[in-house]
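*Asks:* Mind looking over this structure? Questions follow.
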Amino acid sequence: PLRTMPSTNSPRIALAPEGAPDWMAAAVVAGGGQVVPVAEAEGVVWAAPRNPEALRQLLQDAPQLEWVQLPFAGIEQFVDLVDDDRMWTCGKGVYAEPVAEMALALALAGLRHVGAYAAATEWGRPAGRNLLGAKVAILGGGGITESLLRMLAPFDCRITVVRNRVEDMEGADEVVEPDRYVDAIAEADVVFLALALTPETEGMISRNELEQMQPHAWIVNVARGRHIVTDDLVWALREGVIGGAALDVTDPEPLPADHPLWSLPNCIITPHVGNTPEMAVPLLSERITANVRRFAAGEELIGPVHVDLGY
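Using my numbering, read the sequence shown as starting at 464 and increasing by one per residue.
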């Protein structure tokens, strides 16, 4: 829902839970808002990426809240709280460019065997494939994919995007519905996962899907670890069913020190750093400021959560 009437005064925005960083308060003020206690607020900026029970209690204690801003694009921790009683926004699209950049870096590192070469202690044999001209499948059609498509443009790839809304995307050669994702990954040299975690997408890459992939293909995951069945991935990497995996997210996360993925030469792991605090703070600050301004004006907010889709 949109705000029924624009505010004639500074919108009253709370920060929660206690201990929210000062830069969030500065972002609210930059948008023309005033930071107030929750009991007096019209909207709340939630600063904790987890702790949904604390937010549930806050909403019960402050039923007057019209708007909730969540900090990250992935809202699986909070999806049970989202309702039609108030406006909900999240960080979708905020971190698209740095995460897309990470995805591209991981793909290049995988295809060129950078991980194995970096860990080597002696001169190795030549190996690797080009991204230039490769067939690419991207699962997900949001902001990360939009940014990744722009970054892939110089590589002249043949790109298929799998998304819920089948409409043209600039830079994509083909856009297909989710029920065709296995066909898309079966043809690809590189598969990128850049989609929301929902009940439908959890475990979507299992032994069956991995067996359909090309034996040289790399899978790059910058979304959520639970998209992939980890034990099945370990099997596929050990047996050479696929070329490799480059993971900025894992399941479980953090990945235990004794997990077999660490020891596989065709697996590159980074500790969920596609979007670091140094990158995130200015980007989320800008989003909060913009949404406070829009909230005051009764305009549509950026990054709305779709209750029916769960993201």
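Note that the Cβ used here is the ideal one computed from N, Cα and C, for glycine as well.
DSSP three-state label for Asn-593, please.
*Replies:* For the purposes of this step, residue 593 is taken as the residue at position 130 of the sequence shown. Here Asn-593 sits in coil by DSSP.
*Asks:* By the three-class DSSP mapping on this structure, what secondary structure does Val-531 have?
*Replies:* Translated into the one-based positions of the sequence shown, residue 531 becomes position 68. Three-state result, Val-531: strand.
*Asks:* With respect to the beta strand (DSSP E) encompassing Ala-570, which residues constitute its N-terminal and C-terminal limits?
*Replies:* Numbered from its first residue, the sequence shown carries residue 570 at position 107. Here Ala-570 belongs to no beta strand (DSSP E); instead the alpha helix (DSSP H) covers 559-574.
*Asks:* So Ala-651 and Gln-677 are in contact, right, with Cβ under 8 Å, and what is the actual spacing, rounded?
*Replies:* Within the sequence shown, the letter at position 188 stands for residue 651. Within the sequence shown, the letter at position 214 stands for residue 677. Confirmed, Cβ separation roughly 7 Å.
*Asks:* How about Gly-706 and Trp-681: do their beta carbons lie closer than 7 Å?
*Replies:* Working through the sequence shown from its first residue, we reach residue 706 at position 243. Working through the sequence shown from its first residue, we reach residue 681 at position 218. Yes. Within cutoff.
*Asks:* In whole angstroms, what separates the C-alpha of Asp-646 from that of Thr-664?
*Replies:* Position 183 of the sequence shown holds residue 646. Position 201 of the sequence shown holds residue 664. If you take the alpha carbons of Asp-646 and Thr-664, they lie about 16 Å apart.
*Asks:* List the endpoints of the continuous beta strand (DSSP E) containing Trp-509.
*Replies:* The residue you call residue 509 lines up with position 46 of the sequence shown. Per DSSP, Trp-509 belongs to the beta strand (DSSP E) from 506-509.
*Asks:* When the Cα atoms are used, what is the spatial distance from Val-501 to Leu-522?
*Replies:* The residue labelled residue 501 in the question sits at position 38 within the sequence shown. The residue labelled residue 522 in the question sits at position 59 within the sequence shown. Distance between the alpha carbons of Val-501 and Leu-522 is about 9 Å.
*Asks:* Would you check if the distance between the CB atom of Asp-778 and the CB atom of Thr-733 is smaller than 7 Å?
*Replies:* Outside the displayed range of the chain (464 to 774) lies residue 778, so it cannot be described from this structure.
*Asks:* By the DSSP assignment, the alpha helix (DSSP H) with Ala-502 in it spans what residues?
*Replies:* For the purposes of this step, residue 502 is identified with residue 39 of the sequence shown, where counting begins at 1. Counting along the chain, Ala-502 falls outside any alpha helix (DSSP H), and DSSP gives it neither H nor E.
*Asks:* Applying the criterion that 16 or more other CB atoms from any shown protein chain within 10 Å of the CB defines a buried residue, is Gly-591 buried or exposed?
*Replies:* The count along the sequence shown starts at 1 and reaches residue 591 at position 128. So Gly-591 counts as exposed.
*Asks:* I'd like to know whether the C-beta atoms of Gln-532 and Val-508 end up nearer to each other than 7 Å.
*Replies:* Translated into the one-based positions of the sequence shown, residue 532 becomes position 69. Translated into the one-based positions of the sequence shown, residue 508 becomes position 45. Yes, Cβ-Cβ distance for Gln-532 and Val-508 is below 7 Å.
*Asks:* For Arg-757 and Glu-763, what's the separation of their Cα atoms in angstroms?
*Replies:* Your numbering for residue 757 matches position 294 in the sequence shown. Your numbering for residue 763 matches position 300 in the sequence shown. C-alpha separation (whole angstroms): 7 Å.
*Asks:* On a CA-only basis, which of Ala-479, Gly-482, Glu-481 and Trp-486 is nearest Ser-748? Give me that one, please.
*Replies:* Here residue 748 is taken as the residue at index 285 of the sequence shown, counted from 1. The option with the nearest alpha carbon to Ser-748 is Trp-486.
*Asks:* Quick check: Ala-657 and Ala-686, are their CB atoms within less than 7 Å of each other?
*Replies:* As a position in the sequence shown, residue 657 is number 194, starting the count at 1. As a position in the sequence shown, residue 686 is number 223, starting the count at 1. Against a cut-off of 7 Å, the Cβ pair of Ala-686 and Ala-657 comes out as a contact.
*Asks:* How about Pro-767: is its C-beta nearer than 7 Å to some C-beta of chain D?
*Replies:* Given the protein chain composition of this structure (a single chain), no chain D is represented.
*Asks:* Which residue from Arg-643, Glu-702 and Glu-516 puts its Cα closest to that of Pro-545?
*Replies:* Here the question's residue 545 lines up with position 82 in the sequence shown. Reading the sequence as shown, one finds Val at residue 545 and not Pro. Considering only alpha carbons, the answer is Glu-516.
*Asks:* Which class does Gln-675 belong to by DSSP, given the choice of helix, strand or coil?
*Replies:* To locate residue 675, count along the sequence shown from 1; it is residue 212. Helix.
*Asks:* Do Leu-673 and Val-557 have their C-beta atoms closer together than 7 Å?
*Replies:* Position 210 of the sequence shown holds residue 673. Position 94 of the sequence shown holds residue 557. No, the Cβ-Cβ distance between Leu-673 and Val-557 is not below 7 Å.
*Asks:* With 16 other CB atoms within 10 Å as the buried threshold, where does His-690 fall?
*Replies:* What you label residue 690 is simply residue 227 of the sequence shown in a count that begins at 1. Classification for His-690: buried.
*Asks:* Taking the CB atoms as reference points, tell me whether Ile-476 and Gly-496 lie closer together than 7 Å.
*Replies:* Translated into positions along the sequence shown, residue 476 becomes position 13. Translated into positions along the sequence shown, residue 496 becomes position 33. Contact flag set, yes.
*Asks:* If you run the structure through DSSP and keep just helix, strand and coil, what is Gln-497?
*Replies:* The count along the sequence shown starts at 1 and reaches residue 497 at position 34. Of the three classes helix, strand and coil, the one that applies to Gln-497 here is strand, per DSSP.
*Asks:* Under the three-state reduction of DSSP, which class applies to Trp-486: helix, strand or coil?
*Replies:* The count along the sequence shown starts at 1 and reaches residue 486 at position 23. Of the three classes helix, strand and coil, the one that applies to Trp-486 here is helix, per DSSP.
*Asks:* Reducing DSSP to helix, strand and coil, say where Thr-552 ends up.
*Replies:* If you number the sequence shown from 1, residue 552 lands on position 89. If DSSP states are grouped into helix, strand and coil, Thr-552 belongs with the strands.
*Asks:* Please determine, among Thr-693, Glu-633 and Gly-554, the residue with the shortest C-alpha to C-alpha distance to Arg-621.
*Replies:* For the purposes of this step, residue 621 is identified with residue 158 of the sequence shown, where counting begins at 1. Of the candidates Thr-693, Glu-633 and Gly-554, the one whose C-alpha sits nearest the C-alpha of Arg-621 is Glu-633.
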